[in-house]
Amino acid sequence: NCNQAAEKMFGYSKEEMIGQNAAIRHIDEDSYLQFHSSVLESYSKDGHFEAEYQMRRKDGTIFPCENYVTPIYNDNGELIISVSIVRDITERKLSEERLKAQNAEIMEEIEERKKIEENLKNTLENLERTNKELGQFAYVASHDLQEPLRMVSTFTTLLERRYGNILDENAKEYMNFVVEGAKRMQMLIRELLFYSKISNKEKVVEEVDCSSVLNTAINNLNAQISESSAKILYNDLPTIKADSLLITQLFQNLISNAIKFRRNGVTPEVNICCKEEENHFLFSVKDNGIGIEPEYFGKIFVIFQRLHLRDEYPGTGIGLAICKKIVEQHGGEIWVESFIGQGSIFYFTISK
Ligand code: ADP
Numbered sequence: 081n082c083n084q085a086a087e088k089m090f091g092y093s094k095e096e097m098i099g100q101n102a103a104i105r106h107i108d109e110d111s112y113l114q115f116h117s118s119v120l121e122s123y124s125k126d127g128h129f130e131a132e133y134q135m136r137r138k139d140g141t142i143f144p145c146e147n148y149v150t151p152i153y154n155d156n157g158e159l160i161i162s163v164s165i166v167r168d169i170t171e172r173k174l175s176e177e178r179l180k181a182q183n184a185e186i187m188e189e190i191e192e193r194k195k196i197e198e199n200l201k202n203t204l205e206n207l208e209r210t211n212k213e214l215g216q217f218a219y220v221a222s223h224d225l226q227e228p229l230r231m232v233s234t235f236t237t238l239l240e241r242r243y244g245n246i247l248d249e250n251a252k253e254y255m256n257f258v259v260e261g262a263k264r265m266q267m268l269i270r271e272l273l274f275y276s277k278i279s280n281k282e283k284v285v286e287e288v289d290c291s292s293v294l295n296t297a298i299n300n301l302n303a304q305i306s307e308s309s310a311k312i313l314y315n316d317l318p319t320i321k322a323d324s325l326l327i328t329q330l331f332q333n334l335i336s337n338a339i340k341f342r343r344n345g346v347t348p349e350v351n352i353c354c355k356e357e358e359n360h361f362l363f364s365v366k367d368n369g370i371g372i373e374p375e376y377f378g379k380i381f382v383i384f385q386r387l388h389l390r391d392e393y394p395g396t397g398i399g400l401a402i403c404k405k406i407v408e409q410h411g412g413e414i415w416v417e418s419f420i421g422q423g424s425i426f427y428f429t430i431s432k
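Reading the sequence shown from the start, the letters are residues 81 to 432 in our numbering.
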């Protein structure tokens, strides 16, 4: 016997199915025979049979099914009938396939991302290495350049001292150029060496009382401050986690510039403030000096970039590059706002 659902599933009428050789509803004779022996084997082992396999409809199409077969025995223990519950699992199989495909896609995407991450990691490592090598190169170059330069200065000074009386005016002038050039190169090299030392320095993180490091910076600038009668004003400054030597240097460079680039006839006034924000402290160093054209706001932080002739304002153009390096080492940023003839405000942030 069979129910309506079975008629619908296989496409045969009840009449056609009763007495029909069951093999016709299987893929072929062999798979029917295998099914048959598996059923009997399961009966004796588990008391029933259950499995997933494929069956055939009347129209010849094959579909996946789940089959649960239970035996019914007579009083003598002889098998008289098997009750078979067949479920068409086409839909389930399809969604399983879909899920598998989706999983495969996700796995592919994960692999792709892993590759990108790996590439990024390699690039970062390369960048770090190149940076380190560059820092070492700058150190070695500036360190080793000092020695021959010292020779040039020493011997030109000796030459001038011993033979100065027999040199004519032209020769004396040339000699001066050589001495001046050597001195300037020495200063540049010293600063470059300092810059590379800062780049290579392992940052020390400690509790830094900004008022105290600012006082140290002001003391270091004593001569420049009293010679210009500069006023240095600041309000309550916080304690931050930073490298105190580097922060002292940072304040020193900014204040020194604020005094150096003063307007003629205007007493320099420097204001240092700090505002606590969510993730960092925002510091500002404001002056009433000559100001900077907006087109140079970015350029001045690049090493050896200066906007003035040396006769106007002395310097090497390395101070702000050092400031930038220090701020970046503290996970911050530095920038400037300025108006020509009114003054500049240098801002920098230090991560909390
Ligand atoms: P240096 O002071 O040796 O020239 P810096 O790197 O400290 O080198 O500064 C670069 C340039 O930025 C300076 O030459 C100057 O033109 C400009 N600058 C820096 N600070 C100020 C300031 N407070 N006011 C006006 N210009 C400034």
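In this text, a Cβ means the ideal position worked out from N, Cα and C, and glycines have one as well.
Given the structure is predicted, the values throughout are model-derived calculations rather than measurements.
What are the boundary residues of the alpha helix (DSSP H) that Ser233 is part of?
Reading the sequence shown from its first residue, position 153 is the one you call residue 233. Thr170 to Tyr243 is the extent of the alpha helix (DSSP H) around Ser233.
Taking the straight line between their C-alpha atoms, what separation do you get for Thr236 and Ile269?
In the sequence shown, counting from the first residue as 1, residue 236 sits at position 156. In the sequence shown, counting from the first residue as 1, residue 269 sits at position 189. In a straight line, the C-alpha of Thr236 is about 19 Å away from that of Ile269.
Can you tell me the Cβ-Cβ gap for Gly423 and Asn368, rounded? I've got them flagged as a contact below 8 Å.
The residue you call residue 423 lines up with position 343 of the sequence shown. The residue you call residue 368 lines up with position 288 of the sequence shown. Contact holds; Cβ gap of about 4 Å.
Figure out for me which residue from Asn295, Leu389 and Met135 has the closest Cα to the Cα of Ile104.
Indexing the sequence shown from 1 puts residue 104 at position 24. It is Met135 whose Cα lies nearest to the Cα of Ile104.
What are the partner residues of Thr319, as DSSP defines its beta bridges?
Taking the sequence shown and counting its residues from 1, one reaches residue 319 at position 239. Asp289.
Report whether the distance from the Cβ of Ser279 to the nearest heavy atom of the ligand ADP is below 7 Å.
Here residue 279 corresponds to residue number 199 of the sequence shown, with the count starting at 1. No.
Residue environment, Leu334, which counts as buried when at least 16 other CB atoms sit within 10 Å:
Taking the sequence shown and counting its residues from 1, the one referred to as residue 334 is at position 254. Label assigned to Leu334: buried.
Phe361 versus Glu392 - alpha carbon distance
Translated into the one-based positions of the sequence shown, residue 361 becomes position 281. Translated into the one-based positions of the sequence shown, residue 392 becomes position 312. Phe361 and Glu392 have their alpha carbons spaced roughly 35 Å apart.
Classify Val382 as helix, strand or coil using the three-state DSSP reduction.
Position 302 of the sequence shown holds residue 382. Here Val382 sits in coil by DSSP.
Meets three-Cβ-pair contact criterion under 8 Å: the stretch 248–259 and the stretch 299–310
Contact between the stretch 248–259 and the stretch 299–310 is absent, because fewer than three Cβ pairs lie under 8 Å.
Taking only three categories from DSSP, how would you classify Arg136?
Residue mapping note: residue 136 aligns to position 56 of the sequence shown, counting from 1. Of the three classes helix, strand and coil, the one that applies to Arg136 here is strand, per DSSP.
I'd like to check one pair, Ile420 with Glu373: are the Cβ atoms closer than 8 Å?
If you number the sequence shown from 1, residue 373 lands on position 293. If you number the sequence shown from 1, residue 420 lands on position 340. Yes. Within cutoff.
Got a sec: does the ligand ADP put a non-hydrogen atom nearer than 7 Å to the Cβ of Leu438?
Because residue 438 is not part of the residues shown, which for the chain are 81 to 432, the question remains open.
Report all residues from its chain with a CB closer than 6 Å to the CB of Leu400; omit the five preceding and five following residues, and keep chain order.
As a working mapping, residue 400 is identified with position 320 in the sequence shown. Here the set comprises Ile380 and Phe381.
N-terminal and C-terminal residue of the beta strand (DSSP E) that Glu271 is part of
Translated into positions along the sequence shown, residue 271 becomes position 191. Unbroken run through Glu271 is the alpha helix (DSSP H), Glu249 to Asn280; no beta strand (DSSP E).
Spatial neighbours of Ser309 in its chain, beta-carbon cut-off 7 Å, leaving aside the 5 residues before and after
As a working note, residue 309 is residue 229 in the sequence shown. So the list reads Thr347, once near-sequence residues are dropped.
Between the stretch 165–176 and the stretch 131–149, can you find at least three pairs of beta-carbon atoms closer than 8 Å?
yes
Closer than 8 Å is the cut-off here; do at least three beta carbon pairs connect the stretch 396–416 with the stretch 270–284?
yes
For Gly412, count neighbouring C-beta atoms within 10 Å of its own C-beta (all shown protein chains included) and say buried if the count is 16 or more, exposed if not.
Here residue 412 refers to the residue found at position 332 of the sequence shown. Buried, because 16 or more other Cβ atoms sit within 10 Å of the Cβ of Gly412.
What does DSSP give as the partner residue(s) for Lys355 in the beta ladder?
By 1-based counting over the sequence shown, the position of residue 355 is 275. Paired residue(s): Leu362.
Beta-carbon separation (whole angstroms), Ala131 vs Ser118, contact threshold 8 Å:
The count along the sequence shown starts at 1 and reaches residue 131 at position 51. The count along the sequence shown starts at 1 and reaches residue 118 at position 38. So it is a contact: roughly 7 Å between Cβ atoms.
Expressed to the nearest angstrom, what Euclidean distance is found between the alpha-carbon atoms of Ile430 and Leu325?
By 1-based counting over the sequence shown, the position of residue 430 is 350. By 1-based counting over the sequence shown, the position of residue 325 is 245. Cα to Cα, Ile430 sits roughly 14 Å from Leu325.
In the DSSP output, what is Cys145 paired with across the bridge?
Within the sequence shown, numbered from 1, the residue matching residue 145 stands at position 65. According to DSSP, which records beta bridges pairwise, Cys145 is partnered with Tyr133 and Asp168.
Nonlocal neighbours in the same chain, by C-beta distance under 7 Å from Lys138, ignoring five residues either side:
Here residue 138 corresponds to residue number 58 of the sequence shown, with the count starting at 1. Closer than 7 Å at the Cβ level, and outside the excluded window around Lys138, lie Phe90, Gly91 and Tyr92.
Would you report the Cα separation of Tyr112 and His106, rounded to the nearest angstrom?
In the sequence shown, residue 112 corresponds to position 32, counting from 1. In the sequence shown, residue 106 corresponds to position 26, counting from 1. Their Cα atoms are separated by approximately 6 Å.
To the nearest angstrom, how far is it from the Cα of Ala184 to the Cα of Glu177?
Position 104 of the sequence shown, counted from the start, is the residue given in the question as residue 184. Position 97 of the sequence shown, counted from the start, is the residue given in the question as residue 177. Approximately 10 Å between the Cα atoms of the pair.
Kindly list the residues whose CB is nearer than 8 Å to the CB of Gln304, restricted to its own chain and excluding five residues on each side of it in sequence; keep chain order.
Within the sequence shown, numbered from 1, the residue matching residue 304 stands at position 224. So the list reads Ala310, Ser336, Ile339 and Lys340, once near-sequence residues are dropped.
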